[in-house]
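Here's the structure we're looking at; comments come further down.
2 protein chains.
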Amino acid sequence: MPVVVIHGGAAVVSPDKVQLKLEGVKRAANIGYEVLQSSNGTALDAVEAAVKVMEDDPVFNAGFGASLTLTEKIELDALIMEGTRMKAGAVAGVSKVANPVTLSRHIMEKSEHVLMIGDGAHKFADEVGMPATKPEALVTEYACERLNYFKSFMTAVNSGMGKSSDHDTVGAVAVDSAGHVACATSTGGITAKQEGRVGDSPCVGSGGFADDFIGAVSTTGHGEAIMRVCLARHITGLMQQGMKAQEAAVAGLEYMKNRVQGYGGVVVVSNKGDIGVHFTTECMAWAYRKGSVVHYGIQPDDDLTEDGSSDSSPL
Amino acid sequence: MPVVVIHGGAAVVSPDKVQLKLEGVKRAANIGYEVLQSSNGTALDAVEAAVKVMEDDPVFNAGFGASLTLTEKIELDALIMEGTRMKAGAVAGVSKVANPVTLSRHIMEKSEHVLMIGDGAHKFADEVGMPATKPEALVTEYACERLNYFKSFMTAVNSGMGKSSDHDTVGAVAVDSAGHVACATSTGGITAKQEGRVGDSPCVGSGGFADDFIGAVSTTGHGEAIMRVCLARHITGLMQQGMKAQEAAVAGLEYMKNRVQGYGGVVVVSNKGDIGVHFTTECMAWAYRKGSVVHYGIQPDDDLTEDGSSDSSPL
Numbered sequence: 001m002p003v004v005v006i007h008g009g010a011a012v013v014s015p016d017k018v019q020l021k022l023e024g025v026k027r028a029a030n031i032g033y034e035v036l037q038s039s040n041g042t043a044l045d046a047v048e049a050a051v052k053v054m055e056d057d058p059v060f061n062a063g064f065g066a067s068l069t070l071t072e073k074i075e076l077d078a079l080i081m082e083g084t085r086m087k088a089g090a091v092a093g094v095s096k097v098a099n100p101v102t103l104s105r106h107i108m109e110k111s112e113h114v115l116m117i118g119d120g121a122h123k124f125a126d127e128v129g130m131p132a133t134k135p136e137a138l139v140t141e142y143a144c145e146r147l148n149y150f151k152s153f154m155t156a157v158n159s160g161m162g163k164s165s166d167h168d169t170v171g172a173v174a175v176d177s178a179g180h181v182a183c184a185t186s187t188g189g190i191t192a193k194q195e196g197r198v199g200d201s202p203c204v205g206s207g208g209f210a211d212d213f214i215g216a217v218s219t220t221g222h223g224e225a226i227m228r229v230c231l232a233r234h235i236t237g238l239m240q241q242g243m244k245a246q247e248a249a250v251a252g253l254e255y256m257k258n259r260v261q262g263y264g265g266v267v268v269v270s271n272k273g274d275i276g277v278h279f280t281t282e283c284m285a286w287a288y289r290k291g292s293v294v295h296y297g298i299q300p301d302d303d304l305t306e307d308g309s310s311d312s313s314p315l
Numbered sequence: 001m002p003v004v005v006i007h008g009g010a011a012v013v014s015p016d017k018v019q020l021k022l023e024g025v026k027r028a029a030n031i032g033y034e035v036l037q038s039s040n041g042t043a044l045d046a047v048e049a050a051v052k053v054m055e056d057d058p059v060f061n062a063g064f065g066a067s068l069t070l071t072e073k074i075e076l077d078a079l080i081m082e083g084t085r086m087k088a089g090a091v092a093g094v095s096k097v098a099n100p101v102t103l104s105r106h107i108m109e110k111s112e113h114v115l116m117i118g119d120g121a122h123k124f125a126d127e128v129g130m131p132a133t134k135p136e137a138l139v140t141e142y143a144c145e146r147l148n149y150f151k152s153f154m155t156a157v158n159s160g161m162g163k164s165s166d167h168d169t170v171g172a173v174a175v176d177s178a179g180h181v182a183c184a185t186s187t188g189g190i191t192a193k194q195e196g197r198v199g200d201s202p203c204v205g206s207g208g209f210a211d212d213f214i215g216a217v218s219t220t221g222h223g224e225a226i227m228r229v230c231l232a233r234h235i236t237g238l239m240q241q242g243m244k245a246q247e248a249a250v251a252g253l254e255y256m257k258n259r260v261q262g263y264g265g266v267v268v269v270s271n272k273g274d275i276g277v278h279f280t281t282e283c284m285a286w287a288y289r290k291g292s293v294v295h296y297g298i299q300p301d302d303d304l305t306e307d308g309s310s311d312s313s314p315l
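Line by line, the protein sequences are chains A and B. With UniProt numbering, the residue at position 215 of the first sequence is 215, and numbering never jumps. With UniProt numbering, the residue at position 177 of the second sequence is 177, and numbering never jumps.
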């Protein structure tokens, strides 16, 4: 049963990035799966490890390599949630931590709060001994190029609403052999967003949701649309009413398209290890590992496979 | 059918504040109802007007008179949502606006975003011409007293988890004669909260939810618990499965108590004008107006009434 499902963001992917994104999601799936196979490795540990490796990978819009605001700032959002007690931790608008998913986990486990923002979150990171990062250290040349492209050719409005934008948030869901589920999501948000804008990723029920009685979901795409329909919670609701994970993923995204004209993608796992992967954007890099085989893809009908047992090298 | 339902926060209410809180929620219900009766008055206008009057009223923990963080700061959160297109606007961690609900509405109507935080939200408030307020101008002597009391006698953890704490967030739901619904919620958060802590209030699906196909919900209580179960969205889900508003309010709060050991209160309205009011905390000031009669209460079994047609004086 143990399985981990990864997404690397619902987005348009330029041809030169396809291979890098596929390598990145496969690596995350393998690393997450290794955690699940280790003694005492939980679904929560697996989603954190998987998202962390994508935060460290500059090809994704999270952690190092995150999108920049219109004013050229780094503002990161993340969420982690476990399904047993439905505990959650999240951050929004942070710039001084390289791994917002790990800070989210510290908030979940070491504070009485769920969501912390900005400098309050930075203070907490310091209190729990996380090393401070300079925001500049998270900025890549590619993120600057994307910002300049958006500044020249379109507004964030246009980029935000369509099928063809760059919401390459990362996320993971997992179920472990004890039947516990977890999810994690991490993002730099929309390129050229207004300072202070927060999307769906850190909001429980929008960017992710986990409940051992049902399963776990991580979302990506147009954050404003995802928030307005509580997409992750909507999908677990459909599963509770009897839909399989894949059916619920498809129905949830259709509902979002029809109700609020929003596009995105999701990865889903049920508490039985049943898998859902779907997106209404042009592309979404995804991968999952169950046993020794990694399934992965990036175009709508992809279902590629490879042996994952030899590839779990860190970045 | 037009109806507006108000809450003044699920909390322990000290005896000297009972009458002031009841006056405050009745006033808000009457003002919201007047909006619904006016030509072109929508549910959205009604919930904004009702919450605004409570933000201006120092007896409530929202706007003027909001709770203070452990470091004696003002950090306000709010949400507004309409059910027709399910558009939403929200703010978190703002201190320089007297009416966060109105800033939320500007974000909903004049930006491409849903949630804005901290200084980014302040900048946006300035851009749309909202007058800036000094944070000190929102601090009341009573808020300072509450902070000192909490500092002396208990931690925010203890205050947060129990039935007996001071989460006197305000909120409103309404349905207008066209069958459109809306919700609004506004809060200063938990007294003595960590700087940067954000609760349920500004999160769509947690602090509130509105969908013309179902109804609208505004929540109050232990924010962390409310977020973890997406209480507002949970309750509309129950209504969609056939429960009446009152039944769904009770079932949603029971679920939250059982699943994550959290206490709170909700006001609910269906798109047919069916009403739900319930709380699992010791008290919650509430009021609703339908026709000329105002119903109100603060203890679990209260259902007091008075003629509302003569009392709609502003604060």
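Glycine included, every Cβ here is placed at the ideal spot set by N, Cα and C. Since the model is a prediction, treat every value here as computed from it, not as a measurement.
Chain A has no Cβ within less than 8 Å of the Cβ of residue 183(B). Residue 25(A) and residue 3(B) have their C-alpha atoms roughly 50 Å apart. The residue among 242(A), 203(A), 113(A) and 213(A) with its C-alpha nearest the C-alpha of residue 231(A) is 203(A). Among the residues facing chain A, residue 218(B) is not included, as its CB has no counterpart in that chain under 8 Å away. Counting only runs of 3 or more residues that sit fully inside the region 75-141 of chain A, the beta strand (DSSP E) segments are 76-82, 88-94 and 115-117, in chain order. For residue 124(A), the nearest CB of chain B lies under 8 Å from its own CB, placing it at the interface with that chain. The beta-carbon of residue 119(B) is placed less than 8 Å from the nearest beta-carbon of chain A. When 15(A), 13(A) and 27(A) are compared, the shortest CA-CA separation from residue 307(A) is found for 27(A).
Separation of the CB atoms of residue 63(A) and residue 76(A) is rounded to 7 Å, and the pair is thereby assigned contact status at 8 Å. Close partners of residue 116(B) in chain A (Cβ separation under 9 Å): 194, 195, 196, 197 and 198. Under the DSSP assignment, residue 210(A) falls in the beta strand (DSSP E) whose first and last residues are 208-211. For residue 172(A), the enclosing beta strand (DSSP E) begins and ends at 170-175.
By the beta-carbon neighbour count (other beta carbons within 10 angstroms, threshold 16), residue 283(A) is buried.
For residue 227(A), the chain B residues whose C-beta falls within less than 9 Å of its own C-beta are 88, 90, 114, 115, 203, 204 and 205, listed in chain order.
Note on residue 201(B): 16 or more other CB atoms within 10 angstroms of its CB, so buried under the neighbour-count rule. Interface flag for residue 95(B) against chain A is unset, since no Cβ pair is found closer than 8 Å. Residue 40(A) has its alpha-carbon roughly 44 Å from the corresponding atom of residue 112(B). The Cβ of residue 260(B) sits closer than 8 Å to at least one Cβ of chain A. Close to residue 48(A), with beta-carbon spacing below 7 Å, lies no residue of chain B; the smallest spacing is near 18 Å. Chain B places a beta carbon closer than 8 Å to that of residue 111(A), counting this residue as a contact. In the three-state reduction of the DSSP assignment, residue 218(B) falls in the strand class, which pools E and B.
The three-state secondary structure of residue 68(B), taken from DSSP, is coil. At a Cβ-Cβ threshold of 8 Å, residue 266(B) and residue 217(B) count as neighbours. Listed by position along chain A, the residues whose Cβ is nearer than 8 Å to that of residue 85(B) are 260. Taking C-beta atoms as the reference points, residue 260(A) and residue 86(B) count as a pair closer than 8 Å. In this structure, residue 98(B) lies near residue 138(B), with their beta-carbon atoms less than 8 Å apart. By DSSP's assignment, residue 294(A) forms a beta bridge with 289(A) and 306(A). Just measuring C-alpha positions, the residue of 35(A), 47(A) and 59(A) sitting nearest residue 15(A) is 59(A). With contacts defined by Cβ atoms closer than 8 Å, residue 122(A) and residue 151(A) do not form a contacting pair. Proximity of chain A to residue 230(B) at the Cβ level (cut-off 8 Å) is accounted for by 204, 205, 209, 230 and 233, in chain order.
According to the DSSP assignment, residue 236(B) belongs to the alpha helix (DSSP H) that extends over 231-240. A direct Cα-to-Cα measurement between residue 6(B) and residue 253(B) gives close to 17 Å.
Taking 8 Å as the threshold, the shortest C-beta distance from residue 308(A) to chain B does not fall below it. The beta carbons of residue 49(A) and residue 29(A) sit about 11 Å from each other, so the pair does not count as a contact at 8 Å. Contact of residue 237(B) with chain A by beta-carbon distance below 7 Å involves 237. Counting of Cβ neighbours within 10 angstroms places residue 271(B) among the buried residues, the total reaching 16 or more.
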